[in-house]
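Contents: one structure, followed by commentary.
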Amino acid sequence: MIPILIDCDPGIDDAVALMLAASAPDRFRLLGVSTVFGNVGAAQTADNARRVLAFCGQSTVPVAKGCERPLLRPVRDAAFIHGTSGLGSALLPEPDGALDRRHGVDLILDEIVRSADPVTLVTLGPLTNVALAIVKEPAVMARLQRIVIMGGAVRELGNMPSTAGFNLYADPHAAEIVFRSGLPLVQMTIDATHHVRASRDHLAALRTVGNRHAELAASLFDDFATDGAPEPDSPVNGCMHDPCCIAYLLDPTIARGREAYVQVETASEVSMGRSVIDWWGRSGQPANAFVINAIDGDAFFALLRRQLAKLPA
Ligand code: BDR
Ligand code: CA
1213 MIPILIDCDP GIDDAVALML AASAPDRFRL LGVSTVFGNV GAAQTADNAR
1263 RVLAFCGQST VPVAKGCERP LLRPVRDAAF IHGTSGLGSA LLPEPDGALD
1313 RRHGVDLILD EIVRSADPVT LVTLGPLTNV ALAIVKEPAV MARLQRIVIM
1363 GGAVRELGNM PSTAGFNLYA DPHAAEIVFR SGLPLVQMTI DATHHVRASR
1413 DHLAALRTVG NRHAELAASL FDDFATDGAP EPDSPVNGCM HDPCCIAYLL
1463 DPTIARGREA YVQVETASEV SMGRSVIDWW GRSGQPANAF VINAIDGDAF
1513 FALLRRQLAK LPA
């Protein structure tokens, strides 16, 4: 049983990640969800997280709204991919219960203190809440088992103008605080998540699960089915980036990676937010993250189908 916290910005792929987490009450104790600006604004991401959790029968999980803007840079969203609601054209019912009254940063810190066992923090959006939690209470954050971060790239060109991946680009200074924190980190890069492309065949197979959860997951990706993507490495939108972090916790054997020293570019506008990864260990710096650069896409989709089938009707 892994106690987990999820910090996210739903987001169509964040929504599938939340569903995947909710499908495994035998493996995860989901202590809470904090949200952050990112794909859309912070109020909207909090509302979306509550709707998705309620849809999965998890409305008792506390959801707290976190930071509304990056530490230094202007807000950049990804509504051009996720739609202005953040969940494409999906319409989910109004959830029961209220938004947690705490700030997202405080939810993270409180739940770490409350947990008898070390908590795994999964981050699926910009790292602003996590950086502030580290700055506010480093000793509390030091109790974490580890942080599993979706963000950055080893070799891929990134999916933002600067060559960075969205989550690190959206708040590079926060990301740099996290990578310098000395906490145990796992970095799920887009090199890995680009192996997890939702083709029409994968979406059709997902629909054979036959419940409303699988239908929602498939419909969130319908507009982005990756068949016919122009080049194998192009930054297609139909990748299940965020669910890869949850899938990795459920079955680490689907992923490959190595320990490496990672820094985040915060000075050059040309490569702002790029994760600079010393893959060959030439810097002489000790590794600060386990960097995942490959995932078995077919194994991922098989896991997703098995798990979503477990969600209660
Ligand atoms: C990341 O960017 C966001 O748009 C997705 O939700 C994911 O977290 C992928 O680069
Ligand atoms: Ca996300």
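In my numbering, the protein residues as written are 1213 to 1525. Ideal Cβ placement from N, Cα and C applies to all residues, glycine included.
Requested in this report: Pull up the distance between the alpha-carbon of residue 1429 and that of residue 1360, whole angstroms please.
Outcome: Numbered from its first residue, the sequence shown carries residue 1429 at position 217. Numbered from its first residue, the sequence shown carries residue 1360 at position 148. C-alpha separation (whole angstroms): 22 angstroms.
**Report entry** Spatially closest choice to residue 1279 from 1490, 1221, 1324, 1230, by CA coordinates
**Finding:** Taking the first residue of the sequence shown as 1, we reach residue 1279 at position 67. Looking at the Cα atoms, 1221 is the closest of the given residues.
Query raised in the report: Rounded to a whole number of angstroms, what is the C-alpha to C-alpha distance between residue 1422 and residue 1394?
Result: In the sequence shown, residue 1422 corresponds to position 210, counting from 1. In the sequence shown, residue 1394 corresponds to position 182, counting from 1. Their Cα atoms are separated by approximately 44 angstroms.
**Report entry** residue 1526, enclosing alpha helix (DSSP H) - first and last residue
**Finding:** Given that the chain is displayed from residue 1213 to residue 1525, the structure contains no residue 1526 and the question cannot be resolved.
Query raised in the report: Can you round the beta-carbon distance between residue 1473 and residue 1495 to whole angstroms, since I take them to be within the 8 angstroms contact cut?
Result: On the sequence shown, position 261 is the one that residue 1473 refers to. On the sequence shown, position 283 is the one that residue 1495 refers to. Confirmed, Cβ separation roughly 5 angstroms.
**Report entry** N-terminal and C-terminal residue of the beta strand (DSSP E) that residue 1521 is part of
**Finding:** For the purposes of this step, residue 1521 is taken as the residue at position 309 of the sequence shown. Here residue 1521 belongs to no beta strand (DSSP E), and DSSP marks it neither H nor E.
Report task. Could you tell me the distance, in whole angstroms, from the CA atom of residue 1251 to the CA atom of residue 1387? Result -> If you number the sequence shown from 1, residue 1251 lands on position 39. If you number the sequence shown from 1, residue 1387 lands on position 175. Their Cα atoms are separated by approximately 16 angstroms.
Query raised in the report: What did DSSP end up calling residue 1270 once you bin it into helix, strand or coil?
Result: Translated into positions along the sequence shown, residue 1270 becomes position 58. The DSSP-derived three-state label of residue 1270 is coil.
Query raised in the report: What does DSSP give as the partner residues of residue 1405 in its beta bridges?
Result: In the sequence shown, counting from the first residue as 1, residue 1405 sits at position 193. Its beta-bridge partners do not exist; DSSP assigns none.
Query raised in the report: Are the beta-carbon atoms belonging to residue 1239 and residue 1214 less than 8 angstroms from one another?
Result: What you label residue 1239 is simply residue 27 of the sequence shown in a count that begins at 1. What you label residue 1214 is simply residue 2 of the sequence shown in a count that begins at 1. Contact: yes.
Query raised in the report: For residue 1464, which three-state DSSP category applies?
Result: Here residue 1464 corresponds to residue number 252 of the sequence shown, with the count starting at 1. Assigned with DSSP and collapsed to three states, residue 1464 falls in helix.
Requested in this report: Mark residue 1291 as exposed unless 16 or more other C-beta atoms lie within 10 angstroms of its C-beta, in which case mark it buried.
Outcome: Taking the sequence shown and counting its residues from 1, one reaches residue 1291 at position 79. Its Cβ having fewer than 16 others within 10 Å, residue 1291 is exposed.
Query raised in the report: At which residues does the beta strand (DSSP E) containing residue 1247 begin and terminate?
Result: Numbered from its first residue, the sequence shown carries residue 1247 at position 35. Residue 1247 -> beta strand (DSSP E) spans 1240-1247.
Query raised in the report: Any heavy atom of ligand 2 closer than 7 angstroms to the Cβ of residue 1250?
Result: In the sequence shown, residue 1250 corresponds to position 38, counting from 1. Because some heavy atom of ligand 2 lies under 7 angstroms away, the Cβ of residue 1250 counts as near it: yes.
Requested in this report: Report the option in 1365, 1491, 1433, 1510 whose CA atom is closest to the CA atom of residue 1401.
Outcome: In the sequence shown, the residue the question calls residue 1401 occupies position 189. Out of 1365, 1491, 1433, 1510, 1365 has the C-alpha closest to the C-alpha of residue 1401.
Report task. Return helix, strand or coil for residue 1475, following the three-state DSSP convention. Result -> The residue labelled residue 1475 in the question sits at position 263 within the sequence shown. In this structure, residue 1475 counts as strand in the three-state DSSP scheme.
Query - Meets three-Cβ-pair contact criterion under 8 angstroms: the region 1258-1267 and the region 1330-1346 - result: Flag = no, the region 1258-1267 and the region 1330-1346 do not touch.
Query raised in the report: By a C-beta neighbour count over all protein chains shown, 10 Å radius and 16 as the cutoff for buried, is residue 1303 buried or exposed?
Result: Your numbering for residue 1303 matches position 91 in the sequence shown. Counting of Cβ neighbours within 10 angstroms places residue 1303 among the exposed residues, the total staying below 16.
Query raised in the report: Is residue 1500 near ligand 1, in the sense that its beta carbon is under 7 angstroms from a heavy atom of that ligand?
Result: Residue mapping note: residue 1500 aligns to position 288 of the sequence shown, counting from 1. Checking the 7 angstroms criterion, the Cβ of residue 1500 is out of range of every heavy atom belonging to ligand 1.
Query - Cβ pair residue 1317, residue 1345 closer than 8 angstroms - result: The count along the sequence shown starts at 1 and reaches residue 1317 at position 105. The count along the sequence shown starts at 1 and reaches residue 1345 at position 133. Yes, the Cβ-Cβ distance between residue 1317 and residue 1345 is below 8 angstroms.
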